[in-house]
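Student:
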Amino acid sequence: MMTLYEFPPTRSIRVRWTLQELGVPFEAVTVNLVKGENRSPDYLRINPAGKVPALVDGDLALTESIAIVLYLAEKHLEKGLLPTDRADRARLDQWLLFTATELEQPLWRIARHTALYPENRRLPDEVTLAREDFVAMARVLDGHMAGREFVAGERVSVGDFVLAYTLDWANEIRLLEQTPLLRSYMLRMYERPAAPPRIAAAMAAIGG
Ligand SMILES: N[C@@H](CCC(=O)N[C@@H](CS)C(=O)NCC(=O)O)C(=O)O
1094 MMTLYEFPPT
1104 RSIRVRWTLQ
1114 ELGVPFEAVT
1124 VNLVKGENRS
1134 PDYLRINPAG
1144 KVPALVDGDL
1154 ALTESIAIVL
1164 YLAEKHLEKG
1174 LLPTDRADRA
1184 RLDQWLLFTA
1194 TELEQPLWRI
1204 ARHTALYPEN
1214 RRLPDEVTLA
1224 REDFVAMARV
1234 LDGHMAGREF
1244 VAGERVSVGD
1254 FVLAYTLDWA
1264 NEIRLLEQTP
1274 LLRSYMLRMY
1284 ERPAAPPRIA
1294 AAMAAIGG
């Protein structure tokens, strides 16, 4: 049985989403970041970075949400969460990297400079710049998504779960207002029966 180490509002949602879409059994362990459980010696043995998510599958302890969802989709290739066409697979990798570097990084900079760094070290200009960076790259994605149902190929893939979660994060800080197409794509993805709770619901559940 695989074990997912998660904390619901975080990037672990990407992995839970993938596991639920695959319909495979897994054990879920909550690593409460608010209580600092990610810094316990036991958890640091699984992920020395002290971050969630992590997935343990037999002898394999894997970190990095995108590496984990790709592993899961490859392990259960028959479930069709990866494009079979070589060009579509390359496009999937392209958009996964775009999501991690061009979309998620500005969101992470905003989170750090509004909430995570010590108050006296936060840089308001960095937040303004990161918001601009996000919107510029969201517009590029918006152009790509015009007339498309899924981010890569003609079927849903793990790229859609990673992207929809990231867009939900952006939506939480009102960064999708200029790209309504991306917002409706994100909402459509979360209507899937196997979708996890939205970030706002996960936050409410932990009293955030
Ligand atoms: N690139 C990593 C990022 C993981 C990450 O930064 N997780 C955050 C929550 S979204 C975390 O565990 N933070 C705890 C900490 O840094 O102490 C991934 O995608 O898995």
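In my numbering, the protein residues as written are 1094 to 1301. Ideal placement from N, C-alpha and C gives every residue a C-beta, glycine not left out.
How many Å lie between Leu1175 and Val1149 at the Cα?
Tutor: Distance between the alpha carbons of Leu1175 and Val1149: 21 Å.
Student: Give me the residue from Arg1276, Leu1097, Glu1242 with the minimum Cα distance to Trp1262.
Tutor: Closest option to Trp1262, judged by alpha-carbon separation, among Arg1276, Leu1097, Glu1242: Arg1276.
Student: I want to check one thing, is the minimum distance from the CB of Gly1173 to the heavy atoms of ligand 1 below 8 Å?
Tutor: no
Student: To which residues does DSSP link Val1149 through a beta bridge?
Tutor: Thr1096, Ala1154
Student: Roughly how many angstroms lie between the CA atoms of Val1117 and Met1238, to the nearest whole one?
Tutor: 30 Å
Student: Please give the ranges of any alpha helix (DSSP H) in the region 1231 to 1294, keeping only runs that are unbroken, at least 4 residues long and fully inside the region.
Tutor: 1251 to 1265, 1273 to 1283
Student: Ends of the alpha helix (DSSP H) at Val1108?
Tutor: 1105 to 1115
Student: Are three or more beta carbon pairs between the region 1094 to 1106 and the region 1290 to 1298 nearer than 8 Å?
Tutor: yes
Student: For Glu1120, count neighbouring C-beta atoms within 10 Å of its own C-beta (all shown protein chains included) and say buried if the count is 16 or more, exposed if not.
Tutor: exposed
Student: Could you give the C-beta distance for Glu1197 and Thr1259, rounded to a whole number, given that I count them as a contact under 8 Å?
Tutor: Thr1259 and Glu1197 do touch by the CB rule: their CB atoms are close to 5 Å apart, below 8 Å.
Student: If Gly1252 and Asp1178 are in contact, beta carbons under 8 Å, what's the gap, nearest whole angstrom?
Tutor: Their Cβ separation, rounded to whole angstroms, is 14 Å, which puts Gly1252 and Asp1178 out of contact at 8 Å.
Student: Indicate, with yes or no, if ligand 1 has a heavy atom lying under 8 Å from the CB of Arg1214.
Tutor: no
Student: Going by DSSP, what residue range makes up the alpha helix (DSSP H) through Glu1171?
Tutor: Counting along the chain, Glu1171 falls outside any alpha helix (DSSP H), and DSSP gives it neither H nor E.
Student: For a quick check, are the C-beta atoms of Val1249 and Val1162 less than 9 Å apart?
Tutor: no
Student: For Trp1110, collect the residues of the same chain with a Cβ closer than 6 Å to its Cβ; drop the 5 residues on either side in sequence, then sort them by chain order.
Tutor: Phe1254, Pro1289
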